[in-house]
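Okay, so here's the structure we're looking at.
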Amino acid sequence: MKFVDIHTHRSFAAENEIFVRNLSINEAETVLPKKLGGFYSVGIHPWDVGNVDETDFQKLEKLCHNEQVRLIGECGFDKNIDIPFETQLSVFEKHVAISENLKKPMIIHCVGYYNEVASLRKQVNPIQQWIIHGFRGKPQLAEQLLRAGFLLSFGEKYNQESVKVCPLEHLFVETDESKKAISEIYAEIAQLKECLINEIRAGFDLLSC
54 MKFVDIHTHR SFAAENEIFV RNLSINEAET VLPKKLGGFY SVGIHPWDVG
104 NVDETDFQKL EKLCHNEQVR LIGECGFDKN IDIPFETQLS VFEKHVAISE
154 NLKKPMIIHC VGYYNEVASL RKQVNPIQQW IIHGFRGKPQ LAEQLLRAGF
204 LLSFGEKYNQ ESVKVCPLEH LFVETDESKK AISEIYAEIA QLKECLINEI
254 RAGFDLLSC
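Take the sequence shown: its letters are residues 54 to 262, numbered as in our numbering.
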């Protein structure tokens with residue numbers, strides 16, 4: 054069977070993988086014209102938002118029109134960086150507009166600003182799905198985000214109880230920057246969920262593959 058990796062920085066997929074490779078704007082300008090196939094996400098990481106201008110947003114929107122780009126991001130918020138929340142918010146809102154305009158879901162990096170991003174989602178009331186990638190939080194936070202309408206993606210490191218409370222239809226699997234095989238992470242999560250590996254289908258449904 055195939056395994057969907059919803060968020061990775063790897064360049065090549067194994068034969069049993071379907072992955073969404075994350076690209077920066079500069080990477081996307083190089084990679085997408087090659088038409089290598091596969092799926093991509095393109096966005097401005099919160100660590101990089103201090104160095105962007107309107108030209109970058111124009112490039113981002115143009116790149117995201119590419120049919121190979123299935124997700125917008127990763128984008129979001131990080132409390133551990135020395136960039137004002139307002140700056141991070143301004144850039145995030147640009148991604149939201151692109152996501153809604155192009156009808157493509159968002160892949161979100163969030164460190165420490167969960168209340169703020171949940172409040173923002175309530176204000177925006179987006180049609181497109183918002184996926185929190187690499188979720189490691191406690192089950193109480195997982196349940197809070199799920200109630201707010203988020204989807205959660207789990208990678209190599211995760212809270213087992215959070216996996217257990219996340220419904221399969223809201224659960225994605227990723228490698229991010231890990232060297233661990235996506236199939237291994239699927240197997241671990243299936244064991245925790247007491248389900249078959251092929252029942253973890255949110256990634257297939259999102260990508261229509």
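Glycine included, every Cβ here is placed at the ideal spot set by N, Cα and C.
Residue pairing by DSSP places residue 257 in no beta bridge whatsoever.
Boundaries of the alpha helix (DSSP H) around residue 109: 107–117.
Excluding five sequence positions before and after residue 162, the CB atoms of its chain that fall closer than 8 angstroms to its own CB belong to 98, 99, 126, 127, 128, 129, 130, 131, 186 and 187, given in chain order.
Among the bridge pairs identified by DSSP, residue 183 is matched with 159.
Annotation for residue 249: 243 place their beta carbon closer than 8 angstroms to its own, counting only its chain and skipping 5 residues before and after. DSSP, read as helix, strand or coil, puts residue 62 in coil. If one requires a minimum length of 3 residues, the beta strand (DSSP E) runs lying completely within the stretch 162–222 are 183–185 and 204–207, in chain order.
Closest option to residue 196, judged by alpha-carbon separation, among 153, 224, 178 and 133: 224.
Taking residue 232 as reference, the option from 215, 252 and 210 with the minimal CA-CA separation is 210. In the three-state reduction of the DSSP assignment, residue 136 falls in the coil class.
As DSSP reads the structure, residue 70 sits in a beta bridge with 56. In this structure, residue 147 keeps its C-beta atom at 8 angstroms or more from the C-beta atom of residue 122. Taking the Cα positions, residue 114 is about 25 angstroms away from residue 257. Selection 171, 144 and 245 evaluated against residue 105 yields 144 as nearest (Cα-Cα).
Annotated as proximal: residue 62 and residue 75, with beta-carbon spacing under 8 angstroms. The beta-bridge partner set that DSSP reports for residue 93 consists of 74 and 122.
The C-alpha of residue 181 lies about 7 angstroms from the C-alpha of residue 159. In the three-state scheme derived from DSSP, where H, G and I count as helix and E and B as strand, residue 227 is classed as coil.
Just measuring C-alpha positions, the residue of 88, 169, 253 and 175 sitting nearest residue 235 is 253. According to the DSSP assignment, residue 235 belongs to the alpha helix (DSSP H) that extends over 235–246.
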